[in-house]
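In my numbering, the protein residues as written are 3 to 113.
A virtual CB, placed ideally from N, CA and C, is assigned to each residue, including glycine.
One structure below.
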């Protein structure tokens, strides 16, 4: 679920720093997903694109590459203004988050 090669590179193998990164991501992501849901519900493609871009960057910073790829789909939808596939992407993002967040919590507790 995480790119540990990348994480080891940026943390220098520091388990405490890794736990801090993952904890921050765990704390911030639910609000960002809520913003995506709100933007999509109101048809606000600009906000959808901006929030998805920020979420993509956050996900990449913790090595959550697959999650970042779904956020990128939402970013592209927002930038293009074509939201026809955004509901499906948001549903996949939510489903992936359910699994990813549980995994991240276990990693933080293990650190």
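Inter-residue Cα distance where the pair is residue 16 and residue 98: 26 Å
Distance cut-off 7 Å: residue 63 Cβ against heavy atoms of the ligand SAM: Absence of the ligand SAM is noted for the structure shown, with no ligands found whatsoever.
Closest residue to residue 65 among 24, 94, 34 (Cα-Cα distance): 24
Cβ separation of residue 50 and residue 80, assumed to be a contact under 8 Å, to the nearest whole Å: 4 Å
Cβ neighbours of residue 109 in the same chain (closer than 7 Å, five flanking residues each side left out): 24
Backbone secondary structure at residue 47 - three-state DSSP: helix
Nearest-angstrom Cβ-Cβ length linking residue 53 and residue 30, presumed shorter than 8 Å: Residue 53 to residue 30, Cβ: 11 Å. No contact.
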